[in-house]
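For reference, the structure is listed below as structure tokens.
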Amino acid sequence: MQYFIDHKRKRIHQRQYAGDRCGFMKTPVEKREFTDSLAYIGRLEEKSEYLKCPHCRTVQMAID
2 MQYFIDHKRK RIHQRQYAGD RCGFMKTPVE KREFTDSLAY IGRLEEKSEY LKCPHCRTVQ
62 MAID
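What follows is the structure, encoded as structure tokens:
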């Protein structure tokens, strides 16, 4: 599983589910990072107070 990290908002997104509801579109590119490291994700959560995004824990569906 790959993760997308928003360092501006201190949010951890599941890359495959990240979308408009996550609110990262205003985050500058230099404040974004991709990783596969679960250990790194754990350190961010424990020591840097990053949170997993509640919007990309579930699949987002487009509804007309």
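First residue of the sequence shown: 2, per this note's numbering; consecutive thereafter.
For glycine and all other residues, C-beta sits at the position ideal for the given N, C-alpha and C.
Ignore the nearest five residues each way along the sequence and tell me which others in residue i's own chain have a CB closer than 6 angstroms to its CB.
i	result
residue 25	7
residue 56	22, 23
residue 19	5, 57
residue 14	5, 23, 54, 57
Flag this pair as yes or no: are the beta carbons of residue i and residue j separated by less than 9 angstroms?
i	j	result
residue 4	residue 16	yes
residue 9	residue 28	yes
Would you please state the rounded distance, in angstroms, between the beta carbons of residue i and residue j? I believe it to be under 8 angstroms.
i	j	result
residue 12	residue 51	7 angstroms
Among the residues of its own chain, which have a CB less than 8 angstroms from the CB of residue i, if the five just before and after it don't count?
i	result
residue 34	5, 6, 8
Could you pull out every unbroken alpha helix (DSSP H) segment of at least 4 residues lying fully inside the region 4-57, listed in chain order? 39-48
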